[in-house]
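Undergrad: Residue numbers (this note's numbering), protein chains in the order written: chain A, 1 to 412; chain B, 413 to 824. Cβ atoms here follow ideal geometry from the backbone N, Cα and C, with glycine treated the same way. Since the structure is predicted, the reported quantities are computational estimates derived from the model, not experimental observations.
Number of protein chains: 2
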Amino acid sequence: MPRLVMKFGGTSVANLDRIKRVAKRIGVEVARGYEVIVIVSAMSGKTNELVGWVQETSPLFDAREFDAIVSSGENVTAGLMALTLQEMDIPARSWQGWQVPVQTTSAHSSARIEAIPTDNLDAKFAEGMKVAVVAGFQGVSDEGRITTLGRGGSDTTAVAFAAAFDAERCDIYTDVDGVYTTDPRITDKARKLDRIAFEEMLELASLGAKVLQTRSVELAMRYKVKLRVLSSFDEQTDTSGTLVCDEEDIMESNVVAGVAYSRDEAKMTLLAVADRPGIAAAIFGPLSEAGVNVDMIIQNISEEGRTDMTFSLPTDQVLRATEAVDALKTSGNVNFEKLETDAEVAKVSVVGIGMRSHAGVASKMFAALSAEGVNIKVISTSEIKISVLVDRKYMELAVQALHDAFELEKEG
Amino acid sequence: MPRLVMKFGGTSVANLDRIKRVAKRIGVEVARGYEVIVIVSAMSGKTNELVGWVQETSPLFDAREFDAIVSSGENVTAGLMALTLQEMDIPARSWQGWQVPVQTTSAHSSARIEAIPTDNLDAKFAEGMKVAVVAGFQGVSDEGRITTLGRGGSDTTAVAFAAAFDAERCDIYTDVDGVYTTDPRITDKARKLDRIAFEEMLELASLGAKVLQTRSVELAMRYKVKLRVLSSFDEQTDTSGTLVCDEEDIMESNVVAGVAYSRDEAKMTLLAVADRPGIAAAIFGPLSEAGVNVDMIIQNISEEGRTDMTFSLPTDQVLRATEAVDALKTSGNVNFEKLETDAEVAKVSVVGIGMRSHAGVASKMFAALSAEGVNIKVISTSEIKISVLVDRKYMELAVQALHDAFELEKEG
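#1: For P529 of chain B, list the residues DSSP reports as bridge partners.
#2: Quick one: grab the DSSP three-state call for D56 of chain A.
#3: Taking C-alpha atoms, which residue in B:L495, B:S794, B:I438 lies nearest to L50 of chain A?
#4: Let me know if R505 of chain B comes out buried or exposed under the rule of 16 or more other beta-carbons within 10 Å of its beta-carbon.
#5: Indicate whether the contact test is met: 3 or more Cβ pairs, each with one atom in the segment 35-48 of chain A and one in the segment 191-210 of chain A, closer than 8 angstroms.
#6: Considering only residues of the same chain and omitting the five flanking positions on each side of E168 of chain A, which have a CB-CB separation below 8 angstroms?
#7: Grab me the residues of M633 of chain B's own chain with a C-beta within less than 6 angstroms of its C-beta, minus the 5 sequence neighbours each way, in chain order.
#8: What's the gap between the Cα of M268 of chain A and the Cα of E143 of chain A?
#9: Rounded to a whole number of angstroms, what is the C-alpha to C-alpha distance between P59 of chain A and W53 of chain A?
#10: Going straight from the alpha carbon of R64 of chain A to that of R732 of chain B, what length do you get?
#11: Give a yes or no on whether the minimum CB-CB distance between T423 of chain B and chain A is below 8 angstroms.
#12: Just tell me which of A:G291, A:T242, A:G9 has its CA closest to the CA of V40 of chain A.
#13: List the endpoints of the continuous alpha helix (DSSP H) containing G153 of chain A.
#14: Determine the contact status of V425 of chain B and I431 of chain B, defining contact as a CB-CB distance below 8 angstroms.
#15: Does DSSP classify Y446 of chain B as helix, strand or coil?
#16: What are the boundary residues of the alpha helix (DSSP H) that includes S799 of chain B?
#17: Is it the case that the Cβ atoms of L683 of chain B and E752 of chain B are separated by a distance below 8 angstroms?
#18: Check D583 of chain B in the structure and name its three-state DSSP category.
#19: Output, in chain order, the set of chain A residues within a Cβ distance shorter than 7 angstroms of N460 of chain B.
#20: Counting beta carbon pairs with one atom in the segment 287-300 of chain A and one in the segment 248-260 of chain A, are three or more of them shorter than 8 angstroms?
#21: What are the residues that DSSP puts in a beta bridge with P314 of chain A?
#22: Which whole-angstrom value is the C-beta distance of S71 of chain A and F165 of chain A, which I expect to be below 8 angstroms?
#23: Looking at T118 of chain A: is its Cβ nearer than 8 angstroms to the Cβ of V399 of chain A?
#24: Is it true that the CB of E114 of chain A sits closer than 8 angstroms to the CB of Q96 of chain A?
#25: Measuring straight from C-alpha to C-alpha, what distance separates R563 of chain B and V623 of chain B?
#26: With C-beta atoms as the reference, is V790 of chain B less than 8 angstroms away from M721 of chain B?
#27: Are there three or more Cβ pairs, one per stretch, closer than 8 angstroms when the segment 557-572 of chain B is compared with the segment 774-793 of chain B?
#28: Taking the beta carbon of I301 of chain A as the centre, do at least 16 other beta carbons fall within 10 Å, making it buried, or is it exposed?
#29: Would you decide whether K46 of chain A is buried or exposed? Buried here means 16 or more other CB atoms lie within 10 Å of its CB.
#30: For D122 of chain A, decide whether its Cβ has a neighbour in chain B, counting only Cβ atoms nearer than 8 angstroms.
#31: Using a Cβ-Cβ cutoff of less than 7 angstroms, which residues in the same chain neighbour K224 of chain A once the five nearest sequence positions on both sides are dropped?
#32: Please list the segments of the beta strand (DSSP E) lying wholly inside the segment 270-349 of chain A, counting only runs of 3 or more residues, in order along the chain.
#33: In whole angstroms, what is the alpha-carbon distance linking P503 of chain B and C582 of chain B?
#34: For A547 of chain B, which residues does DSSP report across the bridge?
#35: At a CB distance below 7 angstroms, what residues from the segment 79-90 of chain A approach chain B? Give them in sequence order.
#36: Tell me which residue opens and which closes the beta strand (DSSP E) that V5 of chain A is part of.
Listed below in C-alpha cells is the structure:
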C-alpha cells in the first residue's frame with residue numbers, strides 16, 4: 001500500500017475540536033488507500049508551559065531532564081489523536097519516540113535523528129493498522145534517554161519518517177496555506193507558490209521564512225522527499241498548498257522565487273584591524289566559541305597593513321559578541337582601533353534557482369533599492385541568493401520594492 | 413549504602429514551590445547517608461485533566477491509549493523533581509516506567525507489577541547518583557506499551573521498589589499525618605496511631621480508609637516492607653506518622669485498632685428464592701459478570717424450599733445489579749418472588765488483630781449500637797473485623813458510639 005506522512009503543528013491540534021477536524025482530514029487519505037504516518041506536535045501552549053516550569057526550576061537546566069519533561073506534550077496529543085481516529089473506526093495507535101524507536105544522537109535538546117528502524121510499524125501495518133500516530137520532536141539516545149530535536153523538530157521527524165518508510169509525500173499541515181513569494185503581512189501582492197525547489201526553500205527557511213524548520217528541508221532534499229506545505233484550517237484539494245520538490249519537477253519559474261527578510265539583525269565593524277594571515281580565524285574563532293552566530297562577513301581592502309572587518313549577527317547576541325571582541329583586544333591577539341556597532345539593521349534577500357542562469361539579478365536588485373533611496377550597508381551572495389543589510393526602518397519598503405521589481409505577483 | 417523509598421502524592425507536588433519543599437525533605441535523608449528512590453505522582457489536577465480529555469474524546473476508550481496519555485503527568489513531575497534536586501547539588505535523575513523498567517502485565521489501566529530489574533538503577537547508584545526519581549503509577553508491558561496501575565497506583569509502585577531494592581523503609585508522604593483510629597471529621601476523639609499491623613491496615617484500606625491503596629498494603633505485607641505514612645506538610649521527626657508493620661513489631665495495642673466506614677452502600681434482597689444446590693452461583697456469577705462488586709452476602713434459613721438472599725454493593729452499581737437480577741428472573745434460571753432494594757445504608761466496621769484473642773468484641777459492638785438505637789441490618793465478620801450495615805442517617809452516630817465503646821481515644 002502507498003504510504004503518506006502527514007504532520008500537524010501545535011495550532012492544528014490546539015484542542016479536542018481541532019484534533020477531530022484533523023482526524024477527518026487523515027480519514028480522507030485513509031479512504032484513498034494510504035497507510036498513514038501522522039506526526040503530531042504538542043497542543044499549542046503546552047510546550048511553552050513545560051519549558052517555563054523547567055526554566056523556573058533550574059535556569060541552567062540539565063538538558064536530559066528538559067527533554068524528558070518537554071516531550072510529554074507530544075505524547076498526549078499522539079494518544080488523543082489515536083483515540084479520535086479509533087472513534088471513526090480507523091485502526092490507529094500512538095507511538096512515542098522510544099517505541100518506534102526514533103534513534104538519535106545524545107545531543108539533548110538538539111539531537112539529530114540517526115536511524116528509524118521500520119520493523120515495529122511495518123509489523124503493525126501488516127496486522128491492519130491504518131494510521132500510526134507518532135509523537136514528533138522526540139527520540140531516544142543510545143543510553144535509553146529521551147531526546148528532543150529542538151524547536152520545530154516535528155517537521156524533521158516528519159521528513160525522516162517519509163524517507164525511512166518511502167512515503168509518496170510528506171504533507172506539513174500548518175496555520176498558513178503554503179509558501180509565499182514574501183510575507184503577505186508586508187505586501188498584499190504576495191502570491192502563494194504552487195511549487196518551489198528544495199534549494200530555494202532551504203534559503204528561504206534559513207533566511208527567516210518560518211514555514212519549515214531548515215533541517216527538515218535539508219533532509220528532504222537529501223532523501224528526495226516531496227514535501228507539501230498546506231493549511232490544516234482550509235478545505236484541501238490535491239493542488240492545495242505548496243509543493244517543495246526537485247527543481248526538475250518545476251516546469252517554469254520566475255528567476256526569483258521569493259523575497260525573504262530577517263528583522264533583528266545587527267552589524268559590527270572592527271576598524272583598522274592590523275592585517276596579517278590568520279586574522280579572520282583569530283576573530284571569528286572566539287566569536288563562535290562565545291556562541292555568536294556570525295552570518296555575513298566583509299573585509300575591506302587593506303591599506304598600509306590595516307583593514308576594516310564587518311560582520312552581521314542576530315541583535316540579541318550583540319552583548320555577547322561585544323564581550324568577546326573586547327577580550328580579543330585585551331588579550332592582544334587582535335589589534336584594532338575601534339568597534340562600531342549598528343543594532344538597527346535588517347536583512348533582505350532575493351532567492352531563486354533561476355539566478356544561476358540569469359545575469360543581472362544583482363544589478364536589478366540594487367537599482368530597485370536605490371530608486372527607493374534605500375542605502376545598502378552589506379552585500380552577501382550565494383549561487384541562488386543575494387542578501388543585503390539595510391537600515392531596519394527601510395525593511396518593509398525594501399521588500400515591497402523588490403517584490404515589484406521582480407514582478408513576483410505574476411506566475412512564472 | 414542503606415536505601416530508602418519516599419513517595420509523594422499529587423498534593424505534595426502540586427506546584428514548583430511544593431516540589432522544592434519536598435526536595436528539601438529528600439535532601440535530609442540523603443544527608444543521613446541514604447540512597448533514595450523517590451516515587452512521584454502527577455501534579456494534582458493534571459491526571460484529572462488528562463482523564464477528562466480522554467473521556468471526552470472516546471467514552472469507551474482504548475485503555476492502551478488512556479495509559480499512554482495519562483502517564484505523562486508523572487513524567488513531568490519526575491523531571492522537575494530531578495532538576496530541583498540537582499539545583500541543591502544532589503546527583504539525581506528521573507526515570508520513566510519503561511526506563512527502569514517496571515515490568516507489568518498487559519491489563520491496561522489496572523496492570524500489576526511483575527518485576528523490577530534493579531540493574532539500571534544500581535549501575536547509576538554505583539556511579540554516584542544519590543536520588544532516583546521514578547514516575548509512579550506506570551510501567552511497561554511485554555509488548556513495549558505503557559501501562560498504568562490504576563488510581564492510587566503510585567503507592568504500589570513505591571512498595572514494589574522498596575521490596576525490589578531491599579529498602580530499609582518505604583515512606584508514603586501524603587496530605588494527612590498518619591493513620592487514625594477513625595476519620596477525624598466524624599469525631600474529634602480520633603487519635604493518630606503510632607503503629608498499625610499490616611492486616612489491620614489492609615482491612616481499614618479496603619473498608620474505605622483512603623490513606624493507602626489496598627494493593628500497596630498487600631504487597632508490603634507479602635514482602636515485609638515497613639511502610640510509614642506521614643504528612644509532607646509538617647516538620648518530620650523519626651517518630652512522625654504511622655508505621656505499618658508486622659504485628660510482632662507492635663508491643664501493645666488495643667483490641668480494636670480502628671473504626672472504618674463506607675457511606676455509599678446499598679442492600680438488595682431476593683425474597684423467597686427457590687432454594688436448590690448451586691443457587692448462589694446462579695445468582696452471583698451473573699452479577700459478577702455484570703461488573704457488580706458484591707460485598708456481604710447473607711442467606712436466611714430456608715423454609716419449605718424457599719430462602720431469602722441478601723447482599724450489599726456500592727450504591728452506584730444498583731442499576732446494573734437490578735438489570736442483572738431481572739435478567740435472571742426472565743431467563744428462568746433463578747426463581748424468586750420479589751427484589752427489595754435499600755440504597756440508603758452505610759457500612760461501619762471495627763478492625764483489630766486483638767480480636768483474635770479477645771472474645772466479646774461482637775457483643776460489645778452490638779450493645780453499643782443498640783444503646784444508641786441503631787438498628788443492625790446485616791452483619792459480616794472476619795478474623796480481625798466485624799462489619800455491620802446500618803441506615804445511612806445513623807452512620808456518624810454509629811462510628812462515634814463504637815469509638816467511645818472501645819475507648820480508642822486512649823493509647824493501647
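TA: Inspection of the coordinates gives the following:
#1: According to DSSP, P529 of chain B bridges with nothing at all.
#2: It is worth fixing the name first, because residue 56 of chain A is Glu in this sequence and not Asp. It is helical.
#3: Closest option to L50 of chain A, Cα to Cα, is B:L495.
#4: Burial of R505 of chain B is indicated by the presence of at least 16 other C-beta atoms within 10 angstroms of its C-beta.
#5: Not touching, per the Cβ criterion.
#6: Excluding residues within five positions, the ones whose Cβ falls inside 8 angstroms are P2, R3, L4, Y34, K226.
#7: Setting aside the 5 residues that flank it on each side, M633 of chain B is surrounded in the same chain by F610, each with a C-beta closer than 6 angstroms to its C-beta; the list follows chain order.
#8: When only Cα atoms are considered, M268 of chain A and E143 of chain A end up about 43 angstroms apart.
#9: Using only the alpha carbons, I get a separation of about 10 angstroms.
#10: One Cα belongs to R64 of chain A, the other to R732 of chain B, and the distance between them is close to 49 angstroms.
#11: Nearest CB-CB separation between T423 of chain B and chain A: not below the 8 angstroms threshold.
#12: The residue with the shortest Cα to Cα distance from V40 of chain A is A:G9.
#13: According to the DSSP assignment, G153 of chain A belongs to the alpha helix (DSSP H) that extends over 153-164.
#14: Result yes, Cβ atoms of V425 of chain B and I431 of chain B sit closer than 8 angstroms.
#15: Reduced to three states, the DSSP call for Y446 of chain B is coil.
#16: Where S799 of chain B is concerned, there is no enclosing alpha helix (DSSP H), although the beta strand (DSSP E) around it starts and stops at 797-803.
#17: Taking the C-beta atoms as reference points, E752 of chain B is found nearer than 8 angstroms to L683 of chain B.
#18: D583 of chain B sits in a strand when the DSSP states are folded into three classes.
#19: The premise fails here: N460 of chain B is roughly 14 angstroms from chain A at the closest Cβ pair, so nothing lies under 7 angstroms.
#20: Note that the segment 248-260 of chain A does not touch the segment 287-300 of chain A; fewer than 3 beta-carbon pairs, one per stretch, sit closer than 8 angstroms.
#21: In the DSSP output, where bridge partners are listed per residue, P314 of chain A has A:E265.
#22: Contact between S71 of chain A and F165 of chain A is ruled out by a C-beta separation of about 22 angstroms, above the 8 angstroms threshold.
#23: Inclusion of T118 of chain A and V399 of chain A in the CB contact set at 8 angstroms is not warranted, their separation being larger than that value.
#24: It is not a contact, given that the beta carbons lie outside the stated cut-off.
#25: If I take the Cα positions, the gap works out to 13 angstroms.
#26: With respect to the 8 angstroms criterion, V790 of chain B and M721 of chain B are not classified as neighbours on the basis of their beta carbons.
#27: These segments do not touch.
#28: Under this definition I301 of chain A is an exposed residue.
#29: Counting every other CB atom within 10 Å of its CB across the protein chains shown gives K46 of chain A a total of 16 or more, marking it as buried.
#30: Output row for D122 of chain A: interface = no.
#31: Within the same chain, and ignoring the five residues on either side of K224 of chain A in sequence, the residues whose Cβ sits closer than 7 angstroms to its Cβ are D246.
#32: Those beta strand (DSSP E) runs which fall completely within the segment 270-349 of chain A and span 3+ residues are 297-299, 306-314.
#33: Cα atoms of P503 of chain B and C582 of chain B: separation of roughly 21 angstroms, rounded to the nearest angstrom.
#34: Under DSSP, A547 of chain B shares a beta bridge with B:V452.
#35: Considering only beta carbons, the part of the segment 79-90 of chain A lying closer than 7 angstroms to chain B consists of G79, L80, A82, L83, T84, Q86, E87, in chain order.
#36: V5 of chain A -> beta strand (DSSP E) spans 3-8.
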